[in-house]
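A.B. asks: Dropping the structure in here first, questions after.
Numbering (the working numbering), first residue to last: 30 to 387.
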C-alpha cells in the first residue's frame, strides 16, 4: 500500500504545482485525519453529488478531481451549498481530494497536447499559446563580490552556514565558484571574484551574513531573466501536416471527443485550415490574440467569438468539460505507470458535462 503522502508526492512530480495559474487552487484539498493509505483512486472532471455517491459506493480512498471543488476561500463548512456538502462528506468518509487543474493544462503530454492530437500536425511547430517562464536552474539572482582567493574555502563555509541544509546550494557546493577578474585585456592574479546563483530567500540570508561578516563592501546582485519553456504552458498551437477543410476539421474534433454535435463559427475570408490553436475548457483569455485558421475550445462568449471570426479564425466550441474529459483515459494509463499498478485507478462513470444538446 502507498501512503497518501507518497501518492501526492508522485502526483506533484508528474505535474509540479508551480506550473498552475497564479489564480488557481491546486494540490491536496482534502486530507483525512489520521493519515491513510491509498489503494483505490477515482478520476473525474467535476466532483458533483452523483460522483461523490459513486466514490462512496466504490470505497474510494482518493478522488483526483480535475476542477478544484474548493476554489474560493471558505469561511464556513455547512449544508448551505452542494460544494460545501461534498467537502463535508469527503471529510466524514475519509476520502482525500486532489486537484491538478491547470498543471495538467501546462505540462507536455497534458490535456492540451491531447486535445491537439485530434489533428495531424507538424510536430516541430507545436508550441504553447502562452509559454510559461522560469528562472534558469530555478535560480533568480547571482550574488558576486571580490575576495582574496586564499580565503575562498573559509568564505564558502561561511556562506553555507547561513543557508538551510536542504537548500540547493548546500547540496551542491559547485554552485559557489571563484574566478579571476579581467582588468583591461589581462586577467589579474590579485583580483578574484566569487559568484553564486541563488533564489530570493537565499540571497537575503547571504547578504545579511556578509554584511555582518564585515569584509565585503562591494556586493553585486544581478537579477536573472526568466526564460520561456518551449513545451510547457497554456494552450497549444501548430501547423497542420496538410490543409483540411472546415468540415473535415469538424469531423476530426467530433471523432476525437466522441461528440455528435459541436458549435461552429465561420471566419470571414478563406475557410481552408492550415493552422490550429486549442485550449481545453474555457479558451477565452488564452486564445484572445491568437491568429490561426481554427480555434478549438470548450466555451467562449458571444463577443469573443465575434472578435475571433473578424480576425480570420474559424471557431469550434464543444462545451467546457467535453474538451477535458477524454484526457482522463490518458491520465489513467499515466497513473498506472506512476504507481506501478499497485493502486487501482479508474474513471468515474457518472461524471459528465452538465449541458446536453437536444
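Beta carbons: idealized from backbone N, C-alpha and C, even for Gly.
Can you list, in chain order, the residues of its chain with a C-beta nearer than 6 Å to that of residue 364? Leave out the 5 residues immediately preceding and following it.
C.D. replies: To locate residue 364, count along the chain shown from 1; it is residue 335. Result list for residue 364: 374, in chain order.
A.B. asks: Compute the distance between the beta-carbons of residue 349 and residue 298, then report whether it is under 8 Å.
C.D. replies: The residue you call residue 349 lines up with position 320 of the chain shown. The residue you call residue 298 lines up with position 269 of the chain shown. No.
A.B. asks: Suppose you measure from the CA of residue 150 to the CA of residue 253; what does that come to, to the nearest Å?
C.D. replies: Within the chain shown, numbered from 1, the residue matching residue 150 stands at position 121. Within the chain shown, numbered from 1, the residue matching residue 253 stands at position 224. If you take the alpha carbons of residue 150 and residue 253, they lie about 35 Å apart.
A.B. asks: Rounded to a whole number of angstroms, what is the C-alpha to C-alpha distance between residue 91 and residue 353?
C.D. replies: Residue numbering aside, residue 91 sits at position 62 when the chain shown is read from its first letter. Residue numbering aside, residue 353 sits at position 324 when the chain shown is read from its first letter. Straight-line Cα distance between these residues: approximately 20 Å.
A.B. asks: If you measure between the beta carbons of residue 376 and residue 361, is that distance less than 8 Å?
C.D. replies: Translated into the one-based positions of the chain shown, residue 376 becomes position 347. Translated into the one-based positions of the chain shown, residue 361 becomes position 332. Going by C-beta atoms, residue 376 is nearer than 8 Å to residue 361.
A.B. asks: If you drop the 5 nearest sequence neighbours on each side, which residues of the same chain put their C-beta closer than 6 Å to that of residue 185?
C.D. replies: Locating residue 185 in the chain shown gives position 156, where the first residue counts as 1. Closer than 6 Å at the Cβ level, and outside the excluded window around residue 185, lie 205.
A.B. asks: Could you round the C-beta distance between residue 198 and residue 225 to whole angstroms and report it? I think they count as a contact, below 8 Å.
C.D. replies: The residue you call residue 198 lines up with position 169 of the chain shown. The residue you call residue 225 lines up with position 196 of the chain shown. With a Cβ gap of about 7 Å, residue 198 and residue 225 count as contacting.
A.B. asks: The beta strand (DSSP E) that contains residue 128, what's its start and end?
C.D. replies: Numbered from 1 along the chain shown, position 99 holds the residue referred to as residue 128. Start and end: 125-128.
A.B. asks: Report yes if the CB atom of residue 127 is closer than 8 Å to the CB atom of residue 57, and no otherwise.
C.D. replies: Along the chain shown, one-based indexing puts residue 127 at 98. Along the chain shown, one-based indexing puts residue 57 at 28. For residue 127 and residue 57, yes; Cβs fall inside 8 Å.
A.B. asks: Under 8 Å, do residue 286 and residue 351 count as touching if we go by C-beta distance?
C.D. replies: Counted from its first residue, the chain shown places residue 286 at position 257. Counted from its first residue, the chain shown places residue 351 at position 322. Their beta carbons are under 8 Å apart, which means residue 286 touches residue 351 by this criterion.
A.B. asks: Quick one: complete alpha helix (DSSP H) runs, 4+ long, within the stretch 232-271?
C.D. replies: If we require 4 residues or more, the stretch 232-271 turns out to have no alpha helix (DSSP H) run fully inside it.
A.B. asks: Do the stretch 152-163 and the stretch 72-89 make contact, defined as three or more Cβ pairs closer than 8 Å?
C.D. replies: Touching, no, given that fewer than three Cβ pairs across the two stretches are closer than 8 Å.
A.B. asks: Count the other CB atoms within 10 Å of the CB of residue 328; is the residue buried (16 or more) or exposed (fewer)?
C.D. replies: By 1-based counting over the chain shown, the position of residue 328 is 299. That one is buried.
A.B. asks: Residue 42 and residue 142 look like a contact to me (Cβ under 8 Å); what is the Cβ gap, rounded to whole Å?
C.D. replies: The count along the chain shown starts at 1 and reaches residue 42 at position 13. The count along the chain shown starts at 1 and reaches residue 142 at position 113. About 18 Å; that fails the 8 Å criterion.
A.B. asks: Within 10 Å of its beta-carbon, does residue 30 have 16 or more other beta-carbons around it, so buried, or fewer, so exposed?
C.D. replies: The residue labelled residue 30 in the question sits at position 1 within the chain shown. Exposed, because fewer than 16 other Cβ atoms sit within 10 Å of the Cβ of residue 30.
A.B. asks: I believe residue 325 touches residue 144 by the beta-carbon criterion, under 8 Å. Please report the beta-carbon distance rounded to the nearest angstrom.
C.D. replies: In the chain shown, the residue the question calls residue 325 occupies position 296. In the chain shown, the residue the question calls residue 144 occupies position 115. Residue 325 to residue 144, Cβ: 7 Å. Contact.
A.B. asks: Between which two residues does the alpha helix (DSSP H) holding residue 276 run?
C.D. replies: For the purposes of this step, residue 276 is taken as residue 247 along the chain shown, with counting starting at 1. Counting along the chain, the alpha helix (DSSP H) containing residue 276 begins and ends at 275-286.
A.B. asks: Helix, strand or coil: which one does DSSP assign to residue 175?
C.D. replies: For the purposes of this step, residue 175 is taken as residue 146 along the chain shown, with counting starting at 1. In the structure shown, residue 175 sits in a strand (DSSP, three-state: E or B).
A.B. asks: Counting pairs of Cβ atoms below 8 Å between the stretch 112-125 and the stretch 236-243, do you hit three or more?
C.D. replies: In short, these stretches do not touch, since the Cβ pair count stays below three.
A.B. asks: Is there at least one non-hydrogen atom of the ligand SAM closer than 7 Å to the beta-carbon of residue 32?
C.D. replies: Among the components modelled here there is no ligand, and therefore nothing to report on the ligand SAM.
A.B. asks: Would residue 132 be called buried (16 or more neighbouring beta carbons within 10 Å of its own) or exposed?
C.D. replies: Along the chain shown, read from residue 1 onward, the residue named residue 132 stands at position 103. Buried: at least 16 other Cβ atoms inside 10 Å.
A.B. asks: Would you say residue 393 and residue 269 are within 8 Å of each other, going by their C-beta atoms?
C.D. replies: The requested residue 393 is not part of the displayed model; the chain covers only 30 to 387.
A.B. asks: Name the DSSP bridge partner or partners of residue 323?
C.D. replies: One-based indexing of the chain shown puts residue 323 at position 294. DSSP output for residue 323 lists 305 and 343 as bridge partner(s).
A.B. asks: Using the C-alpha atoms, what's the distance from residue 274 back to residue 291?
C.D. replies: Taking the chain shown and counting its residues from 1, one reaches residue 291 at position 262. Taking the chain shown and counting its residues from 1, one reaches residue 274 at position 245. Roughly 16 Å between the two C-alpha positions.
A.B. asks: For residue 66, count neighbouring Cβ atoms within 10 angstroms of its own Cβ and tell me buried if that reaches 16, exposed if not.
C.D. replies: Taking the first residue of the chain shown as 1, we reach residue 66 at position 37. With fewer than 16 other Cβ atoms within 10 Å, it is exposed.
A.B. asks: Smallest Cα separation from residue 267: which of 50, 247, 192 and 319?
C.D. replies: Here residue 267 refers to the residue found at position 238 when the chain shown is read from its first residue. Residue 267 has its Cα closest to that of 319, out of 50, 247, 192 and 319.
A.B. asks: Beta strand (DSSP E) containing residue 51: first to last residue?
C.D. replies: Residue mapping note: residue 51 aligns to position 22 of the chain shown, counting from 1. Element bounds for residue 51: n/a, residue is neither H nor E.
A.B. asks: Taking C-alpha atoms, which residue in 202, 94, 134 and 71 lies nearest to residue 263?
C.D. replies: Residue numbering aside, residue 263 sits at position 234 when the chain shown is read from its first letter. Nearest of 202, 94, 134 and 71 to residue 263, Cα basis: 134.
A.B. asks: CA-CA distance, residue 178 and residue 220?
C.D. replies: Numbered from its first residue, the chain shown carries residue 178 at position 149. Numbered from its first residue, the chain shown carries residue 220 at position 191. Their backbone Cα atoms lie some 8 Å apart in a straight line.
A.B. asks: With distances taken from CA atoms, which of 162, 231 and 71 is nearest residue 50?
C.D. replies: Numbered from 1 along the chain shown, position 21 holds the residue referred to as residue 50. Among 162, 231 and 71, the Cα nearest to that of residue 50 is on 162.
A.B. asks: In its own chain, which residues sit with a C-beta less than 8 Å from the C-beta of residue 193, not counting the 5 before and 5 after it?
C.D. replies: Taking the chain shown and counting its residues from 1, the one referred to as residue 193 is at position 164. So the qualifying residues of the chain are 199.
A.B. asks: Could you have a look at residue 143 and say whether DSSP puts it in helix, strand or coil?
C.D. replies: Counted from its first residue, the chain shown places residue 143 at position 114. Of the three classes helix, strand and coil, the one that applies to residue 143 here is helix, per DSSP.
A.B. asks: Can you tell me whether DSSP reads residue 384 as helix, strand or coil?
C.D. replies: Residue numbering aside, residue 384 sits at position 355 when the chain shown is read from its first letter. It is coil, neither helix nor strand.
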